[in-house]
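Following full-length UniProt numbering from start to finish, the sequence shown increments by one per residue and tops out at 287.
Positions of the beta carbon are idealized from the N, C-alpha and C atoms, including for glycine.
Quick caveat: nothing in here was measured; it's all calculated off a predicted structure.
Worksheet: one structure, shown below.
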Amino acid sequence: MSHGSSNETHLFSTRVKLTLFAAGSCFQSEKITIRGGERRTIQIPALFACMEHPRLGPILFDTGYSERFFEAASRFPYSLYRKATPVSIPERETAVYQLKEAGIKLSDIKYVILSHLHADHIAGLCDFPEASFIYLKAAYDKMKHRRGLAAVRAGFLPDLLPSDFEERSLPIDEQQRISLPSSFPFERGLDLFGDGSVIAVDLPGHAPGQIGVLLHTGDQPYFLCADAVWSSRAYRESRPPHWLAGLIMDDRRQYQESFQRICQFYKQHPEYRIIPSHCSEVGESLK
Numbered sequence: 001m002s003h004g005s006s007n008e009t010h011l012f013s014t015r016v017k018l019t020l021f022a023a024g025s026c027f028q029s030e031k032i033t034i035r036g037g038e039r040r041t042i043q044i045p046a047l048f049a050c051m052e053h054p055r056l057g058p059i060l061f062d063t064g065y066s067e068r069f070f071e072a073a074s075r076f077p078y079s080l081y082r083k084a085t086p087v088s089i090p091e092r093e094t095a096v097y098q099l100k101e102a103g104i105k106l107s108d109i110k111y112v113i114l115s116h117l118h119a120d121h122i123a124g125l126c127d128f129p130e131a132s133f134i135y136l137k138a139a140y141d142k143m144k145h146r147r148g149l150a151a152v153r154a155g156f157l158p159d160l161l162p163s164d165f166e167e168r169s170l171p172i173d174e175q176q177r178i179s180l181p182s183s184f185p186f187e188r189g190l191d192l193f194g195d196g197s198v199i200a201v202d203l204p205g206h207a208p209g210q211i212g213v214l215l216h217t218g219d220q221p222y223f224l225c226a227d228a229v230w231s232s233r234a235y236r237e238s239r240p241p242h243w244l245a246g247l248i249m250d251d252r253r254q255y256q257e258s259f260q261r262i263c264q265f266y267k268q269h270p271e272y273r274i275i276p277s278h279c280s281e282v283g284e285s286l287k
């Protein structure tokens, strides 16, 4: 996918309006999600974002859960996913419902950026038939042939992808690479729309080809960091997940590197609001 970006593109030369939503939630032991956490079950939101671009209209970053999750996880072995991670998704919390309530037409959404392909980030894709999908090629290449237990272990439910997913895909390519400020602890930036509005950075480890995005609303710069950290407390206090969480990760070493990059970015750029996709603190602020 190329939109004619170059290394000269000015970071955030185009500003966007950002709205955060929580589409459903799951339940997990706090002890797993953060080192030193308590042995108690916590409710974890599945956040997604809508970026309103002045030229391209509304653009989504992930979709959170949808009711389709239950259908995709209804049969063995996919049902193991539901048992391991109990999910709640009332209709009023789905992306479709909330976007309509916000006055956003689903047919106006032409792009959905996928941080990675775990079920809690892609469950609503089938609700956006006009959208093209933007993601790192590695994210799909390592998942597309997985079925059964191999898919469940990778957090992937194949039935959540639209049947025409590949035809509507716009994989990010190296031509979109831009220079980032030297104080940014990321190896490269990827200018997704060629105008400096939404800049992707690599955050591998939690899942294959995971990305986060940087953007500016005019009032506030944001870093949507997907699942590179699971809570704001984790990066503020530099507390990674329990080692058991590593069992479900694509690459533990890469995860640790991505986690440390988020912690470093937080210290070097306190002006940014960092949004982890499962932060209860952020989720509570949306209510």
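Residue pairing by DSSP places valine 87 opposite Cys26 in a beta bridge. Under the three-pair Cβ rule at 8 Å, the segment 13-21 counts as touching the segment 40-58.
A direct Cα-to-Cα measurement between aspartate 191 and serine 258 gives close to 20 Å. A Cβ-Cβ distance of about 6 Å is found for the pair isoleucine 89 and glutamate 67, placing them in contact under the 8 Å criterion.
Excluding its 5 nearest sequence neighbours in each direction, alanine 226 has C-beta neighbours in its own chain below 8 Å: Asp62, Ser115, His116, His121, Leu203, His206, Gln210, Ile211, Gly212, Pro276 and Ser277, listed in chain order.
By the neighbour-count definition (other C-beta atoms within 10 Å, threshold 16), histidine 145 is an exposed residue. Judged by beta-carbon spacing, leucine 170 lies beyond the 8 Å limit of alanine 119, meaning their Cβ atoms are not closer than that value. In this structure, Phe223 is the residue among Phe223, Phe21, Ala234 and Gly24 with its C-alpha nearest to the C-alpha of tyrosine 272.
DSSP places arginine 153 in the uninterrupted alpha helix (DSSP H) bounded by 148-153.
The segment 149-168 makes no contact with the segment 91-102: fewer than 3 CB pairs, one atom from each, lie closer than 8 Å. Annotation: the continuous alpha helix (DSSP H) that includes isoleucine 122 extends over 119-122.
Inclusion of glutamate 71 and alanine 22 in the CB contact set at 8 Å is not warranted, their separation being larger than that value. Cα atoms of serine 29 and alanine 73: separation of roughly 21 Å, rounded to the nearest angstrom.
In this structure, Ala139 is the residue among Pro58, Ser25 and Ala139 with its C-alpha nearest to the C-alpha of aspartate 251.
When DSSP states are grouped into helix, strand and coil, glutamine 43 belongs to the strand group.
In the three-state reduction of the DSSP assignment, threonine 33 falls in the helix class, which pools H, G and I. Within the segment 189-238, the complete alpha helix (DSSP H) segments of 4 residues or longer fall at 232-236, listed in chain order. Alanine 131 and serine 197 have their alpha carbons spaced roughly 18 Å apart. Nearest to alanine 84 by alpha-carbon distance, out of Arg39, Arg35, Val152 and Ile134, is Val152. The alpha-carbon of phenylalanine 165 is positioned some 8 Å away from that of phenylalanine 133. Per DSSP, the beta-bridge partners of tyrosine 111 are Ile59 and Ser132.
One Cα belongs to valine 282, the other to arginine 39, and the distance between them is close to 22 Å.
Around the beta-carbon of glutamine 176, 16 or more other beta-carbon atoms lie within 10 Å, marking it buried. Counting along the chain, the unbroken beta strand (DSSP E) around isoleucine 275 starts and ends at 273-276. Straight-line measurement puts the Cα of glycine 36 at about 8 Å from the Cα of histidine 242. For leucine 106, there is no enclosing alpha helix (DSSP H), as DSSP marks it with neither H nor E.
Alanine 46 is classed as buried because its beta carbon has at least 16 other beta carbons within 10 Å across all chains shown. Your pair methionine 249 and proline 208 does not check out as a contact, with CB atoms roughly 10 Å apart and the cut at 8 Å.
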